[in-house]
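Input: a single structure, listed below in structure tokens.
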Amino acid sequence: MHFRLAQWYAQAARDLPWRREDCSAWGVMVSEIMLQQTPVVRVLPRWEEWMRRWPTPAATAAASAAEILTVWDRLGYPRRALRLQAAAQAIVERHGGEVPGTRQELLALPGVGEYTAAAVACFAFDQPEVVVDTNIRRVHARVFSGHALPGKTFTAQQRKLAHDVMPQTAHDDGELACTWNIAAMELGALICTARAPKCVECPVQDLCAWRAAGSPPATEEQQTRGQAWAGTDRQVRGAMMAVLRTGEPVQRSVLLETLPLPEAGMEQRVRCLDSLLRDGLAAEDKELVALPGVI
DNA sequence: AAGTCGGGGGC
DNA sequence: GCCCCAGACTT
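Given below as structure tokens:
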């Protein structure tokens, strides 16, 4: 299976800037943070702009929070941007400005969890890590377990499966591990997609337990049940951040009253503004509110 | 283990 | 309109 996946990846992989040979470890790390819960096509322009302005951890560490949040723009989950800057500052302080190359050191950085630590260690430093993201979980669920979708939560059982199905040789060879991981991720992104998978184009279709079982639909337990959006605090916070990203400080009362969300009550608006201030995504001075660093 | 945290493009 | 997207963090 490794050989077939590798062969398929060699001819089908997208040419993404953070996969190029000359991309720095920092570039890989920035991409991994941006790609958390965010599709590649939306990350591309933000990554290019970020790397153009702040090509090193030191440059990122020195920027103002307002600049960081402005360049992040509408990528979503803006707390990721602040954590990325905090990670850059930790890299400067603890690692002399160089992105650390081990899973454990990476895990200690803000915003870096199990997936991102393994991904950066593997893709940027050729460490033989077992990488498990949403694509890989889905590919494994289908090919090896015969299920349409993995469960909602990442279980110890799935972690063991991912470890066990990685080729023996890849556990000691970083480059082999890298190919195995990235190829499985790419397969999940391009062929073995959540909806309408392109099984006829799949390089391992004849090995797939799910296909062999007749591609049974997902059980109700496996349905992901999308998070609600309309009317949530997340929507209100996002609308407030969009106002703040215009750059000018605004009167607190104006920010609270002029949101394009008539259904949002004042209690909710106040709660959301307070949470943005608490998260460091906004700052206030007397009655003015702005991105942190502007005031 | 469950909730929270953005935003947009595809179907 | 719903669903999903290279998750992390808190409770």
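Under numbering that gives the first Met the number 0, the first residue of the first sequence carries the number 0, and numbering increases by one thereafter.
Ideal Cβ placement from N, Cα and C applies to all residues, glycine included.
Small disclaimer: the values here were computed from a predicted structure and weren't measured.
When burial is assigned at 16 or more other CB atoms within 10 Å of the CB, is Thr154 buried or exposed? exposed
Helix, strand or coil at Gln36 according to DSSP, with G and I counted as helix: coil
Less than 8 Å between the beta carbons of Arg268 and Leu255, yes or no? Yes; because the gap between Cβ atoms is below 8 Å, this pair is in contact.
Taking DSSP's pairing of strands, which residues face Gln250 in a bridge? Leu287
Which of the three DSSP states, helix, strand or coil, is assigned to Ala176? Ala176 sits in a helix when the DSSP states are folded into three classes.
Of all the alpha helix (DSSP H) runs that stay within the bounds of the region 51-128, which reach a length of 4 or more residues? 56-61, 64-71, 78-94, 102-106 and 113-124
Leu108 vs Ala86 beta-carbon contact at 8 Å: yes
Range of the contiguous alpha helix (DSSP H) that encloses Thr133: Thr133 to Val142
For Ala282, which three-state DSSP category applies? Correct three-state label for Ala282: strand.
Own chain residues within Cβ distance below 8 Å of Val242, not counting five before or after: The answer, listed in chain order, is Val249, Leu254, Thr257 and Leu258.
Residue from Gly230, Ala208, Val203 and Gly292 whose Cα sits closest to the Cα of Glu247: Gly292
Would you mind reading off the limits of the alpha helix (DSSP H) that contains Arg210? Counting along the chain, the unbroken alpha helix (DSSP H) around Arg210 starts and ends at Ala208 to Ala211.
Boundaries of the alpha helix (DSSP H) in which Trp7 is found, first to last residue: Annotation for Trp7: the continuous alpha helix (DSSP H) segment containing it runs His1 to Ala11.
Under 8 Å, do Glu48 and Val70 count as touching if we go by C-beta distance? yes
Just to confirm before moving on: does the CB-CB distance between Ala116 and Leu105 stay below 8 Å? Contact annotation: Ala116 and Leu105 have beta-carbon atoms nearer than 8 Å.
Can we say the region 134-153 touches the region 181-198, given the rule of at least three CB pairs closer than 8 Å? yes
From the DSSP output, in three-state form, read off Lys151 for me. Coil.
Within 10 Å of its beta-carbon, does Trp46 have 16 or more other beta-carbons around it, so buried, or fewer, so exposed? buried
Put Pro215 into one of helix, strand or coil per three-state DSSP. coil
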